[in-house]
Amino acid sequence: MKHSFIDRYAALDSPLHLLDARTKLLGFTVLIAAVLLIPPGKPFAYFAYFFLAAVLMGISQIPLVYILARTLVILPFVLLAGLALPWRTGAGWTLFNTLVARSSLCLIILILLTNTTRFAELLRGLRRLGCPRILVMNLGFLYRYIFVLTEEVLRMRQARDCRRVGRAHAAAEMKLLGSMLGTLLLRSFERAERMYQAMLSRGSSGEFPILAPREFSWRDLAFLAGLAVFIWAAGLLA
Amino acid sequence: MHIPDGFLSNRVAVAFDAISGAGIFLSARRMKLEASARIVPMMGVLAAFVFAAQMLNFPVLGGTSGHLVGGALLAILLGPVAGVLTMATVIIAQALFLQDGGLIAAGANIFNIGAITVFSGYAIFRLLWRGAGSGKRLHIAAFAAGWISMMLSAAACAIELAISGAIPLRLGLPAMVGYHAVIGIAEGGLTAGVLAFLARVRPDLVEAPRKARLSAPEWAGALVFVAIPFLILALAGSSALPDPLEALIESGSAVSTGAVGIQTLLSTVRFREYFWEILALIALIFCMFLAGRIFHSRKAHR
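Pasting the structure below:
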């Protein structure tokens with residue numbers, strides 16, 4: 066069963082992947098904030114950030130097609146929401162362009178963040194940045210259970226399809242769907258309870274240890290310094 | 341309903357980041373991890389469930405998008421504190437993995453989709469249910485909790501977008517609330533269905549929130565918590581201007597007095613004006629659903 070739809074390229078080995086998760090979390094958050102702080106109607110500053118995004122994409126070795134496809138999934142929502150802007154008087158188009166440029170830049174940066182950091186590293190980074198333990202733990206559970214749930218649903222669907230021919234009436238179909246959902250929920254609860262008991266009885270503290278974690282090094286320092294210089298220079302353009 | 345980065349004015353986004361961040365830390369402190377061996381695994385599973393349910397996403401014209409939320413269900417099954425934490429987890433995961441909702445806008449998203457649905461859903465459920473077992477009362481209370489909490493959440497989202505100057509309230513509020521009044525029926529139905537099922541097969545799971553109830557001062561705190569960001573924005577003034585051009589172009593530069601800010605905020609939030617528009621929209625969407633249903637059944641008969 067195939068399930069790598071979330072962070073498919075997180076395990077590559079590019080210079081960006083080698084950075085400490087904290088560096089990337091902080092650096093990319095600052096980058097997004099910097100993009101949001103550009104005043105509308107300054108196209109050169111946006112071009113500068115698009116250029117930076119392109120450079121980062123190149124360094125990260127993630128296929129361009131993948132990033133574009135991910136962006137295109139969200140972009141229609143942005144376009145639709147901004148649809149009313151060009152019809153306003155005066156700077157309507159400027160606002161629309163600003164909105165689209167901002168949103169797509171932020172999207173690309175977020176895609177880069179999750180696809181250059183393995184999930185366990187990301188959690189460790191969040192934890193070391195002071196995120197509450199229960200939140201980080203819950204994120205870890207969520208990530209793992211998504212795949213478990215997907216497999217469970219596929220198994221249940223297969224079982225259903227093996228035992229019937231054609232489609233039932235709409236009402237019967239809804240009833241079937243409802244009981245499948247309920248069963249799924251119950252099975253997952255019970256599985257989770259068993260797993261948590263197993264974790265506790267093996268002395269788990271709620272932290273997930275990882276092998277060979279990335280540590281803060283001269284690379285991270287160079288990355289952050291470069292980012293700071295770039296944001297300062299782009300600020301001159303704006 | 342997830343707001344991407346770039347839609348909220350920076351002042352609005354940061355105000356909500358601050359308030360949601362504080363809320364998460366307070367909730368995390370209140371939850372005693374060691375004492376809640378039952379609730380932690382459930383939080384994880386429910387987070388994954390809600391994450392999956394919210395992936396069913398439909399675009400809304402003039403608003404952003406609509407989907408099932410699950411906040412009321414979380415509140416009823418986990419209690420408000422764990423419910424808010426679980427929803428915050430889901431929203432952070434969505435921002436990171438699906439890029440659904442922005443990173444800087446995450447505070448506002450956690451506020452709308454998390455805090456508002458969980459607190460209001462919990463309050464509505466408790467008010468209507470009153471511990472009356474698993475009969476009809478439970479169905480009605482759960483349905484109302486799901487339905488109403490979703491509309492409140494959509495209204496908060498529309499108000500934030502309007503005071504940021506991205507989407508005028510005249511367009512955003514009826515679109516968002518009207519649309520979610522329809523999706524909310526599915527949300528309410530699902531909340532009631534899942535709860536009724538669980539009350540039948542695992543009544544212990546539905547019993548739990550009775551023990552996790554909030555005290556009166558905590559309720560007051562939650563109410564203040566929900567009101568704070570709007571107050572901050574009202575006092576901050578300039579970004580609360582309803583005109584998007586002025587708000588975006590002058591963002592950060594103009595400083596006006598608090599009184600003007602509150603005035604503009606109040607004049608922005610006049611729900612009565614939109615009553616007929618919302619009603620018309622609901623009627624329209626119902627007709628569309630009905631037409632689709634008839635068309636579908638005719639095709640099936642052929």
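Taken in order, these protein sequences are the chains called A and B.
Quick note: the first sequence uses our numbering, first residue 66, plus one each step.
Quick note: the second sequence uses our numbering, first residue 341, plus one each step.
From the three backbone atoms N, C-alpha and C, an ideal C-beta is built for every residue, glycine too.
In the DSSP assignment, B/Asp357 falls within the unbroken alpha helix (DSSP H) covering 350-370. The C-alpha of B/Gly529 lies about 16 Å from the C-alpha of B/Leu468.
Proximity of B/Gly419 to chain A, defined by a Cβ-Cβ separation below 8 Å, is not satisfied. In the structure shown, B/His407 adopts extended strand secondary structure according to DSSP, grouped into three states. Rounded to the nearest whole angstrom, the CA to CA distance from A/Leu144 to A/Glu258 is 43 Å. For B/Ile432, the residues of chain A that pass the 7 Å Cβ criterion are Leu204, in the order they occur in the chain. With a contact defined as Cβ atoms closer than 8 Å, B/Gly441 and B/Pro344 qualify at about 6 Å.
In the three-state scheme derived from DSSP, where H, G and I count as helix and E and B as strand, B/Val522 is classed as helix.
Close to chain A, meaning a Cβ-Cβ distance shorter than 8 Å, are the following residues of the segment 365-395 of chain B: Phe365, Ala368, Arg369, Met371, Leu373, Ala377, Arg378, Val380, Pro381, Met382, Met383, Gly384, Val385, Ala387, Ala388, Phe389, Phe391, Ala392. Assignment of B/Cys497 by DSSP, reduced to helix, strand and coil, places it in the helix class. Non-local C-beta neighbours of A/Gly190 in its own chain, meaning closer than 6 Å and more than five positions away in sequence, comprise Ala86, Arg87, Leu90, ordered along the chain.
Residues of chain A with a Cβ closer than 9 Å to the Cβ of B/Leu425 are, in chain order, Pro197, Ile199, Leu200, Asn203. DSSP places B/Met383 inside the alpha helix (DSSP H), whose first and last residues are 379-393. Here the alpha carbons of B/Ala463 and B/Met491 stand approximately 15 Å from one another. DSSP places A/Ala233 outside any alpha helix (DSSP H), giving it a letter other than H or E. Chain A places a beta carbon closer than 8 Å to that of B/Asn350, counting this residue as a contact. Apart from the 5 residues on each side of it in sequence, B/Glu500 sits with its Cβ closer than 8 Å to the Cβ of Ile343, Leu348, Val352, Phe356, Ala448, Asn452 in its chain, given in chain order. The Cβ of A/Gly243 sits closer than 8 Å to at least one Cβ of chain B. A/Leu96 has its alpha-carbon roughly 39 Å from the corresponding atom of A/Phe254. Following the DSSP letters along the chain, one finds B/Thr457 inside the alpha helix (DSSP H) bounded by residues 457-469. With a cutoff of 8 Å on beta-carbon distance, B/Ala412 and B/Gly486 are scored as near each other.
Assigned with DSSP and collapsed to three states, A/Pro80 falls in coil, not helix or strand. Straight-line spacing of the CA atoms in B/Leu513 and B/Gly461 works out to 20 Å. Within chain B, the C-beta atoms nearer than 8 Å to that of A/Asp72 come from Phe437, in chain order.
Per the C-alpha coordinates, the member of B/Gly346, B/Ile503, B/Ala496, B/Ile456 positioned closest to B/Ala415 is B/Ile456. Using beta-carbon distances, B/Val541 counts as an interface residue toward chain A, with a partner under 8 Å. In this structure A/Phe112 is exposed. Its beta-carbon is surrounded by fewer than 16 other beta-carbon atoms within 10 angstroms. By the Cβ test, the segment 270-280 of chain A is not in contact with the segment 127-138 of chain A, since fewer than three Cβ pairs between them sit closer than 8 Å.
Contacts between B/Phe537 and chain A, judged by CB atoms closer than 7 Å, involve Gly247 in chain order. Not flagged as an interface residue toward chain A: B/Thr531, since no C-beta distance is shorter than 8 Å. A/Ile97: member of the alpha helix (DSSP H) spanning 86-102, first to last residue. Non-local beta-carbon contacts of A/Leu77 in its own chain, meaning distances under 6 Å to residues more than five positions away in sequence, involve Gln126 in chain order.
With its beta carbon less than 8 Å from one in chain B, A/Ala98 belongs to the interface. Ranking B/Leu538, B/Tyr519, B/Gly505 by CA distance to the CA of A/Met245 puts B/Leu538 first. Here the alpha carbons of B/Arg378 and A/Leu265 stand approximately 12 Å from one another.
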